[in-house]
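Quick notes on the structure that follows.
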Amino acid sequence: MIDGHTKLFGFLAHPAAHSLSPLIHNTSFKVSGINGAYLAFDVTSDGLPAALDAMRVMDIGGFNLSMPLKTDVIAFLDEITPRAERLHAVNTVVNRNGHLVGDSTDGQGFVDALKQENVRLEDKTMTVLGAGGAGRAIISAAIDAGVKKIYVFKRHNATFATLKAQLENWSDVVSVLPYEDVVNMQRAIAASQIVVNATNIGMAGDQASPVTDEVMQQFGPQHVVVDVIYFPLETPFLKAAAKQGSHTYNGIGMLVNQAAGSFLEWTGQQMPIDQVITAVNQAVRKRVKS
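Sequential numbering of the sequence shown, starting at 56, is according to my numbering.
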């Protein structure tokens, strides 16, 4: 029940109404018995400075952000964590008496989701398809988790050389290769135990796959295959990998666990993961049917 003691949290994005974050956090508050409420606010980059001033004045406990606000917000924060600095991206802000601290929980959300499935990254070889925001967060967290080798495939465009230098500078376990290099992609996946689609290929009604048929033939029962997409719950990529006998997981685990990181920073409590995942699965199924 909302009363005069209710602590407010929020999600800043443009657009914001589509977000599952209010469902995730309000379910968590209810199950945990925390007197909190979480709302979505439609905020553009131009409106961000005023929004942050309001957060301080109204003593809002914290908030999440989506792109491009994840990078735009950094200039207006008082402090950011080392992992947010490495990524130059913030998805979580904690308001400590007007002192705004930015963090990135996305990558750790990926690691924690796999841990729940008894999949550890230590000494494993990974292939990551895509080096956008989600891909970089996963790569960063995997390095911290002790992965042995990460092959990253990125489109060979104007940003390729710069991003290759950046990611390979993070750790000598990272090798960035052109997405178009099918032969090396086949070799990388054959050598990997974990394969991640961090692109948006296969989202919503898209029936495309992020890999060719030749590459898909490299998948087998020895692989854990993760797609960061959760709408639909099973992408064409995951369907094809499952047919090859791979163990497949969609993006709901990462979505909920990155939110759990925010929840912990704001409340000091663990998120009730199982109940939240159930609620999110139900919501996504409804969206698919509508």
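The beta carbon of each residue, even a glycine, is placed where N, CA and C say it ideally should be.
- Here glycine 275 has Gln299, Gly300, Ser301 as same chain residues with Cβ atoms under 7 Å from its own Cβ, once five neighbours each way along the sequence are excluded.
- Taking 8 Å as the cut-off, the beta carbon of alanine 314 is found no closer than this to the beta carbon of isoleucine 57.
- In the three-state scheme derived from DSSP, where H, G and I count as helix and E and B as strand, lysine 62 is classed as strand.
- Following the DSSP letters along the chain, one finds methionine 240 inside the alpha helix (DSSP H) bounded by residues 237-246.
- Listed in chain order, the beta strand (DSSP E) runs fully inside the stretch 105-158 are 117-120, 147-151, 154-158, counting runs of at least 3 residues.
- Rounded to the nearest whole angstrom, the CA to CA distance from phenylalanine 318 to valine 281 is 24 Å.
- In this structure, the beta-carbon distance from serine 121 to leucine 142 does not fall below 8 Å.
- By the criterion of a C-beta distance shorter than 8 Å, glutamate 140 is surrounded by no residue of its chain, once the five residues flanking it on both sides are discounted.
- Using a Cβ-Cβ distance cut-off of 8 Å, the stretch 219-230 and the stretch 250-266 are not in contact, since fewer than three pairs of beta carbons, one from each stretch, lie closer than that value.
- DSSP places glycine 91 inside the beta strand (DSSP E), whose first and last residues are 91-97.
- Within the same chain, Cβ atoms closer than 6 Å to the Cβ of glycine 117 are found at Phe64, Val148, Val149, Asn150, Trp321, the five residues on either side in sequence being excluded.
- Sequence-distant partners of histidine 154 (beyond 5 residues in either direction) whose C-beta falls short of 8 Å from its own C-beta, in its chain, are Asp133, Glu134.
- If you look at valine 311, you'll find it isn't in any beta strand (DSSP E); it sits in the alpha helix (DSSP H) that goes 307-322.
- If you look at valine 207, you'll find it in the beta strand (DSSP E) that goes 204-209.
- Looking at the backbone, the Cα of valine 207 and that of threonine 61 are separated by about 44 Å.
- Taking C-beta atoms as the reference points, lysine 179 and lysine 209 fail to come closer than 8 Å.
- By the C-beta density criterion, aspartate 161 is buried, having at least 16 other C-beta atoms within 10 angstroms.
- Cβ neighbours of valine 156 within its own chain (closer than 6 Å, five residues either side excluded): Glu134, Val149.
- Judged by beta-carbon spacing, glycine 260 lies beyond the 8 Å limit of phenylalanine 292, meaning their Cβ atoms are not closer than that value.
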